[in-house]
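Colleague:
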Amino acid sequence: MKCLWCENEEAEQAGLTGYWELPDGSRAVQITVIPSVSCSSCGMEYQEDHIVDEIEDQLMLIDTKKIDSTISYTELMSIPRFLKKNYFKL
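Mind the numbering: the sequence shown is residues 446 to 535 in our numbering, read in order.
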């Protein structure tokens, strides 16, 4: 896999932890085992844009009051949505 930062071809898939502020700004949550990219060449660890979009859409479309301070990516994505899609996105 190619690193988007240094363009090295040795980057690997990883399950990393990230922190997201909820859409209402009330608090942040820790999301574990997020599909991510880890590059041993430049040391960068990041989530690809489509993963970030999935997380942000999910947080907009669920009842975030029911989320604990820590949740796994898989658990987050399995929470039923109020709406089918994020109508706030252009």
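C-beta: ideal position from N, C-alpha, C; glycine also.
Residues bridged to Ser514 by DSSP?
Modeller: Ser514 pairs with nothing; no bridge assigned.
Colleague: Compare the Cα-Cα distances from Ser471 to each of Asp508, Ser481, Ala459 and Val478 and report the closest residue.
Modeller: Ser471 has its Cα closest to that of Asp508, out of Asp508, Ser481, Ala459 and Val478.
Colleague: Just checking my contact of Leu467 with Val474 at CB under 8 Å: how many whole Å lie between their CB atoms?
Modeller: Indeed they touch by this definition, with Cβ atoms about 7 Å apart.
Colleague: For the putative contact between Leu504 and Trp465, defined by C-beta atoms under 8 Å, what is the C-beta separation to the nearest angstrom?
Modeller: Indeed, because the Cβ distance is near 6 Å, the residues count as touching under 8 Å.
Colleague: When the Cα atoms are used, what is the spatial distance from Leu506 to Glu493?
Modeller: One C-alpha to the other measures close to 20 Å.
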